[in-house]
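Protein chains in written order, with the numbering used here: chain C, 1 to 166; chain R, 1001 to 1286. Heads up, the beta-carbon is just placed ideally off N, CA and C, and yes, glycines get one too.
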């Protein structure tokens, strides 16, 4: 074995020197290079993971907001439809009511107008009759050429009224 | 032993000290040319890592960005093999292995590495026998050192992760969910399989280190051979000069790829070894 090692040039002092040298390089790189780099990697990894988690959270919140928004819109649409329907119903009822009121008012107006016309007619008829009686009495007095007494006037007026009434 | 510079020189298996002595014991025997290159590579890696991580900002500069990209890529790759439960513990060592091997392999391709040093004049010119800079992964001491360090950590992580009982059960235990008489009957078989498994584990440092060493050493030898091909074929000097520059070019690109590949293979094998011994039963499907 020793002969084999010697053939390959292995000498323990040189071997030990190489071992020590390699361990020194390993220790220095581990402490001052890889440790720092791996710490930076870890920090970056955590930052990326946090970023991804936040992005996921935001995405989830966005999806929830979208659903909530859709729900609100749907509800608003439903409310709007209901309000429109109620307004339409209310409007129909109001129109019906106002129409009925208008019809009723119109009927009242017509009725009052008829009554007024009847009264006016009666008053005018009465006036015409009164005028006619005066006219008949005056005409009779002029035709007869005499002054009619109170009794004659009463009788003549009464007969004229009866004639007009007939 | 005069000092000279040539384009390349064939490596020997032994990594000589950079302070050769003609009398008695050499000065600082342990400081071989590959140890010296290891120091250079280590210094470069540490300097670059510090440059990249000294003033870290949220929006990284070019150096920080490059280093982060490398580390992130390695982290993801290692995590996909060893699992999220182990990656934090094992990442630093595996990443150090990968970066160290990769930089060492590519450092070996720099002009002057393996071709600047001490030697003597030969039949075809100056022959460097003791280069000042030797590719450190072309030295078994280095590759075996990395493999040995890894195996120590591997044993520690395996035992602390699954416990001694589960670790031994993982090796010697009856697998396949067998119970009752069937399990009892198969205990000797799985004990034998466990012994084979232990032997294979014991050879892991050698297989890891020899694979890396062999590839890099062969690559260096290949480049050296391509550079000196004209001389070996005894071609005229002008042709030899042209060939010594043009022929190695494709092999340099090959060695760049091999350097990356070997670093990746070493790290991936280490990751797989960790995964095999630290995966929990429910995850491994045993």
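Look at residue 51(C): its C-beta is not under 8 Å from any C-beta on chain R. The alpha helix (DSSP H) runs lying completely inside the segment 1150-1200 of chain R and spanning 4 residues or more number zero. For residue 1131(R), DSSP records a beta bridge to 1117(R).
Within the segment 1151-1167 of chain R, no residue places its CB atom closer than 8 Å to a CB of chain C.
Around the C-beta of residue 2(C), fewer than 16 other C-beta atoms lie within 10 Å, and the residue is accordingly described as exposed. Nearest C-alpha to residue 1219(R) among 1113(R), 1062(R), 1076(R), 1184(R): 1113(R). Counting only Cβ-Cβ distances below 8 Å, residue 1215(R) has no contacts in chain C at all, with the closest Cβ about 14 Å away. For residue 1057(R), the CB contacts under 8 Å within the same chain, skipping 5 residues up- and downstream, are 1064 in chain order.
Around residue 48(C), no beta-carbon contact reaches into chain R at under 8 Å, the shortest distance being about 13 Å. Secondary structure of residue 1126(R) (DSSP, three-state): strand.
Residue 18(C) has its alpha-carbon roughly 18 Å from the corresponding atom of residue 1092(R).
Here the alpha carbons of residue 1030(R) and residue 1201(R) stand approximately 29 Å from one another. CA-CA distance, residue 1239(R) to residue 1130(R), rounds to 28 Å.
The residue from 153(C), 131(C), 129(C) with its alpha-carbon nearest to that of residue 140(C) is 153(C).
Under DSSP, residue 1032(R) shares a beta bridge with 1017(R). Residues of the segment 1087-1104 of chain R with a C-beta less than 7 Å from any C-beta of chain C: 1091, 1092, 1093, 1095, 1096, 1100, listed in chain order. Rounded to the nearest angstrom, the Cβ distance from residue 1249(R) to residue 1132(R) is 24 Å, too far for a contact under 8 Å. When DSSP states are grouped into helix, strand and coil, residue 1056(R) belongs to the coil group. The beta carbon of residue 1172(R) sits closer than 7 Å to the beta carbons of 1190, 1191, 1194 from its chain, once the five residues preceding and following it are set aside; these are given in chain order. In chain R, no part has a C-beta under 7 Å from the C-beta of residue 3(C); the shortest such distance is about 13 Å. A direct Cα-to-Cα measurement between residue 55(C) and residue 1068(R) gives close to 26 Å. Contact between the segment 1030-1047 of chain R and the segment 1226-1244 of chain R is absent: fewer than three C-beta pairs spanning the two stretches fall below 8 Å. Going by C-alpha positions, residue 1197(R) is about 12 Å away from residue 1276(R).
Residue 1104(R) places its beta carbon 8 Å or farther from that of residue 1144(R). Distance from the CA of residue 1082(R) to the CA of residue 1268(R), rounded to the nearest whole angstrom, comes to 10 Å.
Going by DSSP, residue 130(C) is part of the alpha helix (DSSP H) stretching over 35-144. Residue 1207(R) carries a helical assignment under DSSP once its states are collapsed to helix, strand and coil.
Within chain C, 37, 40, 41 have C-beta atoms less than 9 Å from the C-beta of residue 1068(R), given in sequence order.
Excluding sequence positions up to five before and after residue 147(C), its CB lies within less than 8 Å of the CB of 141, all in the same chain and listed in chain order. Only residues of its own chain outside the window of five on either side were considered, and among them 1157 have a CB closer than 7 Å to the CB of residue 1089(R), listed in chain order. Separation of residue 78(C) and residue 50(C) (C-alpha to C-alpha, rounded to the nearest whole angstrom) is 41 Å. Proximity of residue 84(C) to chain R, defined by a Cβ-Cβ separation below 8 Å, is not satisfied.
For residue 1127(R), the nearest beta carbon of chain C is not closer than 8 Å to its own beta carbon. Within the segment 1030-1064 of chain R, 1030, 1031, 1032, 1034, 1035, 1038, 1039, 1042, 1045, 1046, 1049, 1050, 1052, 1053, 1056 place their CB atoms closer than 8 Å to a CB of chain C, listed in sequence order.
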